[in-house]
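What follows is one structure encoded as structure tokens, with my remarks underneath.
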Amino acid sequence: MRSLVDGYLSHIMDECHSDRSGHVADYIPELAAVDPEGYGLSLCVHDGHTYSHGDSATAFTIQSVSKPLTYAMILKKHGAAAVDAKIGVEPSGEAFNEISVDDRRRPKNPMINAGAIFAASMLLPPTRDVDAAAVDAAFREVLEFYSGCAGRHLVMDEEVYASEAATGSRNRAIAYMLDSFGALETSPDAALDLYYRQCSIRVTTDDLAGIGATIANGGMNPRTGRTVFSNETAQRLLSVMTTCGMYDGAGDWVTSVGLPAKSGVGGGILAVLPGQLGIGVYSPRLDEHGNSVRGVEVCRHLSTDLGLHMF
Ligand code: DON
Numbered sequence: 000m001r002s003l004v005d006g007y008l009s010h011i012m013d014e015c016h017s018d019r020s021g022h023v024a025d026y027i028p029e030l031a032a033v034d035p036e037g038y039g040l041s042l043c044v045h046d047g048h049t050y051s052h053g054d055s056a057t058a059f060t061i062q063s064v065s066k067p068l069t070y071a072m073i074l075k076k077h078g079a080a081a082v083d084a085k086i087g088v089e090p091s092g093e094a095f096n097e098i099s100v101d102d103r104r105r106p107k108n109p110m111i112n113a114g115a116i117f118a119a120s121m122l123l124p125p126t127r128d129v130d131a132a133a134v135d136a137a138f139r140e141v142l143e144f145y146s147g148c149a150g151r152h153l154v155m156d157e158e159v160y161a162s163e164a165a166t167g168s169r170n171r172a173i174a175y176m177l178d179s180f181g182a183l184e185t186s187p188d189a190a191l192d193l194y195y196r197q198c199s200i201r202v203t204t205d206d207l208a209g210i211g212a213t214i215a216n217g218g219m220n221p222r223t224g225r226t227v228f229s230n231e232t233a234q235r236l237l238s239v240m241t242t243c244g245m246y247d248g249a250g251d252w253v254t255s256v257g258l259p260a261k262s263g264v265g266g267g268i269l270a271v272l273p274g275q276l277g278i279g280v281y282s283p284r285l286d287e288h289g290n291s292v293r294g295v296e297v298c299r300h301l302s303t304d305l306g307l308h309m310f
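If you count the sequence shown from 1, position 78 lands on 77 in numbering that gives the first Met the number 0, and the numbers rise without skipping.
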């Protein structure tokens with residue numbers, strides 16, 4: 000028998016279904032090939048039970064939803080003080096692909112590309128001549144960590160990776176600008192390669208909900224019972240996602256939805272109700288900030304109807 004929750008979630012999806020505004024990302028050519036009608040919603044609650052609706056099993060690339068996870072990895076590897084010395088925690092108020100550095104020439108936060116490329120560099124050996132084997136090894140760790148957060152084995156989309164690597168002039172400009180400040184310890188190309196690979200990991204809304212529930216639970220995945228990161232790291236992720244996760248749409252998002260969240264140009268949004276649940280939504284048409292139009296609408300409805308706003 001369908002539960003009340005399932006009935007409600009499919010009602011929300013129907014409500015937002017007719018919105019066909021926005022555009023699929025096409026600056027990474029392979030992303031333009033996705034079905035713009037794809038539409039999924041998943042909620043993972045504190046005991047790991049997942050409510051799945053629509054295209055909840057359709058895989059899409061994680062893109063910028065990867066950024067909090069790599070941030071968690073560098074916090075775990077280097078500690079908060081060392082990370083803070085390199086990457087700020089201030090909202091930039093600018094687009095995700097602006098250079099956005101502060102007066103100490105640190106990327107303003109880890110949710111924009113500048114901060115995320117820097118974060119990827121901190122997973123590599125601190126040397127200028129990082130070889131391909133070292134990037135491979137770092138990416139294996141990334142996949143293992145992300146898989147631990149999702150609660151299942153994840154893989155990379157080779158086509159999206161190749162497409163982004165071939166067309167990433169903007170990100171190359173960002174990485175080389177950071178390098179020109181003398182900030183990167185590794186080569187900019189190695190950092191970019193790792194960043195493109197992390198963005199090309201394939202996930203479903205069930206995975207995003209599982210990752211969200213792991214953050215909500217202070218680093219313990221409720222499906223596997225495995226602790227992937229610490230409570231302090233979870234608190235840091237929730238803070239930065241609240242202030243910076245939706246880029247220059249963050250203020251509007253926090254005001255109307257009131258949940259820590261992260262979006263990606265693949266069309267995914269991950270939102271978290273701390274201590275309670277993870278939400279994953281997928282719909283590839285994006286607004287002017289690079290956030291999924293229907294994804295934002297679905298979260299707005301969920302927050303209003305269920306009183307999820309944190310404040
Ligand atoms: O760096 C890029 O342009 C993409 N790999 C990720 C950007 C992204 O997802 C921005 N989020 N909405």
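Just so you know, even glycine gets a beta-carbon here, dropped at the ideal spot from N, CA and C.
It should be emphasised that the depicted structure is a prediction, and the values quoted were computed from it without experimental measurement.
Quick one: is F228 near chain E, going by C-beta distance under 8 Å?
Considering every chain present, this structure includes no chain E. It has just one protein chain.
Expressed to the nearest angstrom, what Euclidean distance is found between the alpha-carbon atoms of A208 and A190?
For the purposes of this step, residue 208 is taken as the residue at position 209 of the sequence shown. For the purposes of this step, residue 190 is taken as the residue at position 191 of the sequence shown. About 28 Å.
Taking Cβ to Cβ, would you say M110 is nearer than 8 Å to K75?
Within the sequence shown, residue 110 is the residue found at index 111, counting from 1. Within the sequence shown, residue 75 is the residue found at index 76, counting from 1. Contact annotation: M110 and K75 have beta-carbon atoms that are not nearer than 8 Å.
Any idea which residues DSSP pairs C43 with across the strands?
Within the sequence shown, residue 43 is the residue found at index 44, counting from 1. BP columns for C43 point to T49, G277.
Output the distance between the C-alpha atoms of R169 and W252, rounded to the nearest integer angstrom.
Residue 169 sits at position 170 when you count from the first residue of the sequence shown. Residue 252 sits at position 253 when you count from the first residue of the sequence shown. Between R169 and W252, the C-alpha separation is close to 26 Å.
Do you know whose CA, among V33, D178, H152, lies nearest T57's CA?
If you number the sequence shown from 1, residue 57 lands on position 58. Measuring from the Cα of T57, the nearest candidate turns out to be V33.
Could you tell me how far apart the beta carbons of Y276 and A212 are, in whole angstroms, since I believe they sit closer than 8 Å?
Taking the first residue of the sequence shown as position 1, residue 276 is located at position 277. Taking the first residue of the sequence shown as position 1, residue 212 is located at position 213. Before going on, a small fix: residue 276 reads as Leu here, not Tyr. Yes, they are in contact, since the Cβ atoms of L276 and A212 sit about 6 Å apart, within 8 Å.
Answer yes if the stretch 137 to 157 comes into contact with the stretch 191 to 207, meaning at least three C-beta pairs across the two stretches below 8 Å, and no otherwise.
Yes: at least three Cβ pairs fall under 8 Å.
Out of A132, E296, G114, which has the shortest C-alpha to C-alpha gap to H10?
Working through the sequence shown from its first residue, we reach residue 10 at position 11. The shortest C-alpha separation from H10 is found at E296.
Any idea which residues DSSP pairs G267 with across the strands?
Position 268 of the sequence shown, counted from the start, is the residue given in the question as residue 267. Partner(s): Y281.
In whole angstroms, what separates the C-alpha of A79 from that of T166?
On the sequence shown, position 80 is the one that residue 79 refers to. On the sequence shown, position 167 is the one that residue 166 refers to. Each residue's alpha carbon lies about 33 Å from the other.
For the ligand DON, is there a heavy atom less than 7 Å away from the beta-carbon of F138?
Here residue 138 refers to the residue found at position 139 when the sequence shown is read from its first residue. Answer for F138: no, Cβ out of range of the ligand DON.
If the criterion is Cβ atoms closer than 8 Å, does the pair A270 and C298 meet it?
The residue given as residue 270 occupies position 271 in the sequence shown. The residue given as residue 298 occupies position 299 in the sequence shown. Closer than 8 Å, so yes.
Would you kindly work out how many angstroms separate the C-alpha atoms of V256 and S99, rounded to a whole number?
Taking the sequence shown and counting its residues from 1, one reaches residue 256 at position 257. Taking the sequence shown and counting its residues from 1, one reaches residue 99 at position 100. Near 25 Å, if we compare the C-alpha coordinates of S99 and V256.
If you run the structure through DSSP and keep just helix, strand and coil, what is A182?
The residue labelled residue 182 in the question sits at position 183 within the sequence shown. A182 falls in the coil class under three-state DSSP.
Using CA coordinates, which residue listed in S302, N108, G218 is at the minimum distance from A84?
Reading the sequence shown from its first residue, position 85 is the one you call residue 84. Cα-wise, what sits closest to A84 is N108.
Given a cut-off of 8 Å, decide if G294 and V264 are closer than it, judged by their beta-carbon atoms.
Taking the sequence shown and counting its residues from 1, one reaches residue 264 at position 265. Taking the sequence shown and counting its residues from 1, one reaches residue 294 at position 295. Not closer than 8 Å, so no.
Can you name the start and end residues of the alpha helix (DSSP H) that S65 belongs to?
Indexing the sequence shown from 1 puts residue 65 at position 66. Where S65 is concerned, there is no enclosing alpha helix (DSSP H), given that its DSSP letter is neither H nor E.
Work out the CA separation of L8 and S55 for me, nearest whole Å.
Indexing the sequence shown from 1 puts residue 55 at position 56. Indexing the sequence shown from 1 puts residue 8 at position 9. Taking the straight line from one Cα to the other gives about 12 Å.
In whole angstroms, what is the alpha-carbon distance linking D156 and C43?
Sequence index remark: in the sequence shown, residue 156 carries index 157 (1-based). Sequence index remark: in the sequence shown, residue 43 carries index 44 (1-based). Going from the Cα of D156 to the Cα of C43 covers about 24 Å.
Cβ-heavy atom distance between G263 and the ligand DON below 7 Å?
Taking the first residue of the sequence shown as 1, we reach residue 263 at position 264. True, at least one ligand heavy atom lies under 7 Å from that Cβ.
Give the secondary structure of H308 by DSSP, where H, G and I count as helix, E and B as strand, and everything else as coil.
The count along the sequence shown starts at 1 and reaches residue 308 at position 309. Three-state result, H308: coil.
Please state if the CB of A260 and the CB of M245 are separated by a distance shorter than 8 Å.
Start at 1 with the first residue of the sequence shown, and residue 245 comes out as number 246. Start at 1 with the first residue of the sequence shown, and residue 260 comes out as number 261. Cβ distance < 8 Å, so M245 and A260 count as in contact.
Can you tell me which of the three DSSP states P28 falls into?
In the sequence shown, the residue the question calls residue 28 occupies position 29. Helix at P28.
Give me whichever residues DSSP pairs with F59 in a beta bridge.
Residue 59 sits at position 60 when you count from the first residue of the sequence shown. Bridge partners of F59: V202.
Distance, Cα to Cα, G150 vs I86?
As a position in the sequence shown, residue 150 is number 151, starting the count at 1. As a position in the sequence shown, residue 86 is number 87, starting the count at 1. Cα-Cα distance, rounded: 28 Å.
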